[in-house]
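When you number the sequence shown by our numbering, it's gap-free, plus one each residue, and the end is 567.
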Amino acid sequence: MPHQLSQLTGIIATIATIALVQPTIASAKTSVEIGETARAITVLINEPDSVGSGVILQQQGDIYTVLTAAHVVKNKVSYQITTSDDRSYQVISNSIRSAPGNIDLAVIKFKSTTKYPTAKLGNSNVLRSGMDLYVGGFPSTSRAITELVFVFREGKVSANSNKTFDRGYSLVYSNDTLPGMSGGAVLNSEGELVAIHGRGDRDENNVKTGFNLGIPVNRFATIASNMGVDLGGQVATIPPNTSPRADDYFASAAQKYATGDYRGTLTDLDRAIALNPQSVNAYIGRGMVKYQQLNDPQGALADLNRAIAIDSKVANAYNNRGVLKAQKLNDARGGLADLDRSIAIDPKFALAYNNRGNLKYQQLNDVQGALADLDRSIALDPQVANTYYNRAVLKSEKLNDVRGTLADLDRAIALNPKYTFFYYYRGNLKAQKLNDVQGAITDLSQAIALNPKFANAYNNRGFLKAQNLNDFSGALADLNRAISIDPQYASAYFNRAMIKAKQNNIKGAISDMQQAAKLYQQQGKQQDARDAIARIKQWQQTSNNSGSF
19 MPHQLSQLTG IIATIATIAL VQPTIASAKT SVEIGETARA ITVLINEPDS VGSGVILQQQ
79 GDIYTVLTAA HVVKNKVSYQ ITTSDDRSYQ VISNSIRSAP GNIDLAVIKF KSTTKYPTAK
139 LGNSNVLRSG MDLYVGGFPS TSRAITELVF VFREGKVSAN SNKTFDRGYS LVYSNDTLPG
199 MSGGAVLNSE GELVAIHGRG DRDENNVKTG FNLGIPVNRF ATIASNMGVD LGGQVATIPP
259 NTSPRADDYF ASAAQKYATG DYRGTLTDLD RAIALNPQSV NAYIGRGMVK YQQLNDPQGA
319 LADLNRAIAI DSKVANAYNN RGVLKAQKLN DARGGLADLD RSIAIDPKFA LAYNNRGNLK
379 YQQLNDVQGA LADLDRSIAL DPQVANTYYN RAVLKSEKLN DVRGTLADLD RAIALNPKYT
439 FFYYYRGNLK AQKLNDVQGA ITDLSQAIAL NPKFANAYNN RGFLKAQNLN DFSGALADLN
499 RAISIDPQYA SAYFNRAMIK AKQNNIKGAI SDMQQAAKLY QQQGKQQDAR DAIARIKQWQ
559 QTSNNSGSF
């Protein structure tokens, strides 16, 4: 009904947009061994309002030097370090040294008599597209998650440029990193530190898309002495710039993508492909820019088809094409076939399970199959908030599992406390299924705090204030705000009309209801329009009718 809460929006479909492409090159060490190394040398860096990561670089007596991204320690506050044994130390006052030349690196120090391993430095100059790469760090979570969660992600080099880009970033990789991992270790197949992770890109749901960027250790070596660090010649010098290479344009594209310059991104990827027509990375990247940012699904399909033609064993190319087919090309069966193929290539590809689960639920009405896929995605990667949200929607709308829905939403919010829609959905759930009006209003208020232009949240909060709290002035303020944000919001006019009728402002009520009826008709919601017209007739016949919810 138009005077009820707005419809709960469906499942978020998350796709990986840039991924690696070349065949895997054998590691000298196993991923488990490299993960153990990453965990031992990586520290959590936190201050009251944010977290980041860092890498133990050197030890001199009881003083340890940690290398991190400068933006992790940019505030003039007291920082705390937590090491692999869960011990905490204060960062030594005045020990923060940022890199010169606006390079996004910094060193900090802490004091401890405990023996901790330090990173072994590798040579980032030798990294090539297709080589295995590993990233470790501590993702951001809410204070509801009190345990220390270290995340280790496998991936591959996408591009390695010897040119200097914004803030020193020139290494691009496919690892699916998370916010909070900035400053963490990027390791090669020997477990050697080859870069500091610092920049990725997120889609609108605050999930990294795959254009992940790091600052190579060889870049750090050129400025280490200016930061008070003596590397003793451990790292090779950066080779001089030569004529442009495909990797240079790919790295430049990643930089432009991070700043929202999508046309510039496309131009650089065109140049990368011109120099290397066999670059699967560039075709996948260009396809995703066309799909997500430039609304060119056919162009995206052509690029993904080309990537698969070059290398038919790239799981992410099938994943992305599967989502494209399902969401933009009305080809659910083709999308399912691609996602099946993606999972067959990489049975541990959590995102592909998530996307297949969404497809099964949204378009194929396979509820149990969808649940199994979402369960599997979470089992493989329990740190992705969106997957919990997707499963929550499934449990709510198809399985009537209210408590399970709430538990998944709680977990999603704990993992990502800054995503507006999680609070909105949970607020609606509390109002509709749990009779928790105050809890619902609290969640809707938080959604509004995160996004002050969220018209649906104002509408629903206003409705609850009027219906349950008799707070008509507060309700009117919310509905006025919803309408100012979205003048085509028919339900907000309907709800405001009902409040005005309740206050015996029949003239104002009729005016709003007429607008609601007009908008419903324009939007093809004929039953809602008839309901609105019936209210108008009722008020016109009985001018003293105060209305009711």
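C-beta atoms are modelled at their ideal positions from N, C-alpha and C, and glycine is treated no differently.
Separation of Arg146 and Ile328 (C-alpha to C-alpha, rounded to the nearest whole angstrom) is 18 Å. In the three-state scheme derived from DSSP, where H, G and I count as helix and E and B as strand, Ser130 is classed as coil. In this structure, Gly492 lies away from Asn513, with their beta-carbon atoms at least 8 Å apart. Phe367: not part of any beta strand (DSSP E); DSSP gives it neither H nor E. In terms of Cβ geometry, Gly232 and Ile214 form a close pair [threshold 8 Å].
By the 16-neighbour rule on beta-carbons within 10 angstroms, Pro234 is buried. Per DSSP, reduced to three states, the secondary structure at Tyr309 is helical. One alpha carbon belongs to Asn348, the other to Gln381, and they sit about 10 Å apart. Here the stretch 190-209 lies against the stretch 147-159, with 3 or more beta-carbon pairs under 8 Å apart. Rounded to the nearest angstrom, the gap between the Cα atoms of Asn408 and Ala397 is 14 Å. Shown here, Thr86 sits in a strand according to DSSP, grouped into three states.
In the DSSP assignment, Val247 falls outside any alpha helix (DSSP H), carrying neither H nor E.
With a cutoff of 8 Å on beta-carbon distance, Ile241 and Ala87 are scored as not near each other. Measuring C-alpha to C-alpha distances from Pro365 to each of Asn376, Asp391 and Asn383 identifies Asp391 as the nearest. Look at the beta carbons and you see the stretch 65-74 touching the stretch 125-137: at least three pairs across the two are nearer than 8 Å.
Relative to the Cα of Asp356, the nearest Cα in the group Leu342, Ala368 and Lys346 belongs to Leu342. In this structure, DSSP gives Asn294 a state outside helix and strand, which the three-state scheme calls coil. For Ala515, there is no enclosing beta strand (DSSP E); the enclosing alpha helix (DSSP H) covers residues Ala508 to Lys520. DSSP places Asn64 in the strand class (E or B) of the three-state scheme. Collapsing the DSSP output to three states places Ala137 in coil. Between the stretch 292-309 and the stretch 319-338, the count of C-beta pairs closer than 8 Å reaches three or more; the two stretches touch. In this structure, Ser158 sits away from Val61, with a CB-CB distance that is not shorter than 8 Å. Here the C-alpha atom of Arg289 lies approximately 7 Å from the C-alpha atom of Tyr267. In the DSSP assignment, Glu172 falls within the unbroken beta strand (DSSP E) covering Val169 to Asn178. The beta-carbon separation of Asp265 and Ala177, rounded to 4 Å, stays under the 8 Å limit for a contact. Relative to the Cα of Lys451, the nearest Cα in the group Gly209, Glu415, Gly79 and Gln485 belongs to Glu415.
The three-state secondary structure of Tyr187, taken from DSSP, is coil.
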